[in-house]
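S.K.:
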């Protein structure tokens, strides 16, 4: 029997990609948007304050390839991509999705920007 740390119920992958100043490409952490620089810390602190950091693992990632919709984060299981994030949106996502079990549909990436995953078996050469 394995003691100690249980497997997390959720992983939250928060994009921390930051384009250099002057780059035309949007990025999830922006010099022009101070709030975007604080979102990962806000996510982690909120999980701690609610006492669920032991079962919800926040992870800082590089680009998740949905830069136009940033700031973005991906919740697993479920492949749920949340877009246009703010601290308030993150709070609702934690309360309603992570704790409440109901995806916050209005913050989810539009289907046409996401779509169904393609099985690797179909792509493999």
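Numbering (this note's numbering), first residue to last: 7 to 131. Quick reminder that beta carbons are idealized off the backbone N, C-alpha and C, glycines included. Just so you know, these numbers come straight off a predicted model, no measurement behind them.
Can you tell me which of the three DSSP states residue 31 falls into?
M.R.: As a first step, residue 31 must be located in the chain shown, where it is residue number 25. If DSSP states are grouped into helix, strand and coil, residue 31 belongs with coil.
S.K.: Give a yes or no on contact between the region 40–48 and the region 92–106, applying the rule of three or more CB pairs nearer than 8 Å.
M.R.: Short answer: they touch.
S.K.: Taking C-beta to C-beta, are residue 62 and residue 15 nearer than 8 Å?
M.R.: Residue 62 sits at position 56 when you count from the first residue of the chain shown. Residue 15 sits at position 9 when you count from the first residue of the chain shown. Closer than 8 Å, so yes.
S.K.: Which same chain residues end up closer than 8 Å to residue 44 when comparing Cβ atoms and leaving out the 5 residues on each side of it in sequence?
M.R.: Translated into positions along the chain shown, residue 44 becomes position 38. Excluding positions up to five away in sequence, the list reads 93.
S.K.: Use the C-beta contact count for residue 33: other C-beta atoms within 10 angstroms, 16 or more gives buried, fewer gives exposed.
M.R.: Along the chain shown, one-based indexing puts residue 33 at 27. Flag for residue 33 reads buried.
S.K.: Could you give the residue range of the alpha helix (DSSP H) that holds residue 44?
M.R.: As a first step, residue 44 must be located in the chain shown, where it is residue number 38. Element bounds for residue 44: 40–55.
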